[in-house]
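Scroll down for the structure; my scribbles are underneath it.
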Amino acid sequence: MRYNAQVFALLAERLLRKSGVQILYGTQICSVIRKDDRVEAIVVENKSGRSAIPARMFVDATGDADLFSLAGAPTALYGKGNILAAWYYETLNGRTTLHMVGAADVLPNEKDTIVPDAIEIERISGLDAAEVSEAIQHGHGVILEKFLEKGGVSEEHSLATIATIPQLRMTRRIIGACTLDEADDHKTFGDSIGMTGDWRKRGPAFEIPFGTLHAPSLSNVLAAGRCISVTDAMWDVARVIPPAIVTGEAAGLAAALFDDLGNADVEKLQKRLCGQHVRLHLEDVL
Ligand SMILES: Cc1cc2nc3c(=O)[nH]c(=O)nc-3n(C[C@H](O)[C@H](O)[C@H](O)COP(=O)(O)OP(=O)(O)OC[C@H]3O[C@@H](n4cnc5c(N)ncnc54)[C@H](O)[C@@H]3O)c2cc1C
Numbered sequence: 001m002r003y004n005a006q007v008f009a010l011l012a013e014r015l016l017r018k019s020g021v022q023i024l025y026g027t028q029i030c031s032v033i034r035k036d037d038r039v040e041a042i043v044v045e046n047k048s049g050r051s052a053i054p055a056r057m058f059v060d061a062t063g064d065a066d067l068f069s070l071a072g073a074p075t076a077l078y079g080k081g082n083i084l085a086a087w088y089y090e091t092l093n094g095r096t097t098l099h100m101v102g103a104a105d106v107l108p109n110e111k112d113t114i115v116p117d118a119i120e121i122e123r124i125s126g127l128d129a130a131e132v133s134e135a136i137q138h139g140h141g142v143i144l145e146k147f148l149e150k151g152g153v154s155e156e157h158s159l160a161t162i163a164t165i166p167q168l169r170m171t172r173r174i175i176g177a178c179t180l181d182e183a184d185d186h187k188t189f190g191d192s193i194g195m196t197g198d199w200r201k202r203g204p205a206f207e208i209p210f211g212t213l214h215a216p217s218l219s220n221v222l223a224a225g226r227c228i229s230v231t232d233a234m235w236d237v238a239r240v241i242p243p244a245i246v247t248g249e250a251a252g253l254a255a256a257l258f259d260d261l262g263n264a265d266v267e268k269l270q271k272r273l274c275g276q277h278v279r280l281h282l283e284d285v286l
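Position 113 (the sequence shown) corresponds to 113 in this note's numbering; numbering is contiguous.
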């Protein structure tokens, strides 16, 4: 499915506002206040300075499991690291084209699948500010060079857009109550909260257990998106947009329904998800 990312972002923002969500742009979580197995508040920094936001439940959708890590919960790192990914849209004579100058959605360990324009630098963890900034600037340098090769800015030639956030795929993930692996292809999980395929090939289908969204050491923090609990082998499958949507919906709903994730009534969550037309099990679609 293709969609216009900018319009999608504006529509998603409008939906959040209509639902009464307060959005704080430019806000970074930098610490947590934890008591026993509960996070009582997250500490954030933004234009207003530093403040604490208390809540009954939290969802860590940072992609890097930052909240879990700051709360001291066990996490795992992607050993191989990320290769540089950069892209730009160029408009030339009325035609706008996407150019990949780093590795696109390819397996990071398979050099021969990297697109021809690929630029390579040492792999980056994605968790070190200086390292990430250096990689971004390296990508910017290559983009500028490639753009100027076709002439400067004119009425016919412009750099339409470039990435606005670091292009990272696998960084840090939670170690959850359950960890999904490639070998779980076509396996049924009683606590499934939805399903995903494998974007790289036809065939595999995975039920995603609720246990991949929370960790035994924290009773009120859920993970959603690319930092849920999976093995290294499964990460490349689970880090993409469709499973991020599935886990995001389930984590948000679970945060609304439960107070203690270790003793959650998963059937209640599943019933609500089914009511929202989520297919939980492979037998529902096969
Ligand atoms: C180059 C590239 C191409 C891709 N192409 C595709 C594709 O074609 N199809 C596909 O399905 N997937 C694709 N992906 C994967 C896709 O980008 C991810 O699936 C998706 O972005 C993961 O969503 P997420 O919400 O889990 O994490 P992210 O998109 O990484 O979002 C995390 C958010 O949390 C914020 N954040 C991080 N840390 C903090 C903090 N400490 N405090 C506050 N906020 C924080 C970040 O700013 C960001 O907004 C691609 C990825 C890359 C890098």
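Cβ coordinates follow ideal geometry from the N, Cα and C atoms, glycine included.
Keep in mind the model is a prediction, meaning the values are calculated, not measured.
*asked:* Can you tell me whether Thr196 sits near ligand 1, meaning its C-beta is under 8 angstroms from at least one heavy atom of the ligand?
replied: no
*CB-CB under 7 angstroms to Gly262, same chain, minus the five flanking residues each way: which ones, in chain order?*
Pro216, Ser219
*asked:* What residue range does the alpha helix (DSSP H) around Lys146 cover?
replied: 129 to 149
*Thr113 to Asp66 span [Cα, whole Å]*: Residue confidence for Thr113 is low, a pLDDT of 48 falling below 50, so the modelled location carries little weight; the figure read from the coordinates is stated next. Taking the straight line from one Cα to the other gives about 31 angstroms.
*Which whole-angstrom value describes the C-beta separation of Ala41 and Ile29, a residue pair presumed to lie in contact below a C-beta threshold of 8 angstroms?*
Not confirmed; about 10 angstroms, so no contact.
*Three-state class that DSSP yields for Phe68 in the structure shown*: helix
*What residues in its chain sit with their C-beta under 7 angstroms from that of Thr247, if we drop five residues either side in the sequence?*
Ile208, Leu213, Ala224, Gly225, Ile228
*How is Val39 classed by DSSP in three states: helix, strand or coil?*
strand
*What first and last residue would you give for the beta strand (DSSP E) that runs through Gly49?*
49 to 54
*asked:* Considering just the uninterrupted stretch of the beta strand (DSSP E) at Gly197, what are its terminal residues?
replied: 192 to 197
*asked:* Nearer than 8 angstroms: is that true of the beta carbon of Gly102 relative to any heavy atom of ligand 2?
replied: No copy of ligand 2 occurs in the structure displayed; its ligands are ligand 1 alone.
*Please name the residue, chosen from Leu92, Gly176, Ala163, Glu267, that lies closest to Ala76 on a Cα-to-Cα basis.*
Gly176
*Are Met195 and Leu253 touching if we call contact CB-CB under 9 angstroms?*
no
*asked:* When you measure from the CB of Gln167 to every non-hydrogen atom of ligand 1, does any distance come out below 8 angstroms?
replied: yes
*Report back the beta-carbon spacing between Leu159 and Glu267 to the nearest angstrom; my notes put them in contact at under 8 angstroms.*
52 angstroms between Cβ atoms; not a contact.
*Pick helix, strand or coil for Lys18, following the three-state DSSP scheme.*
helix
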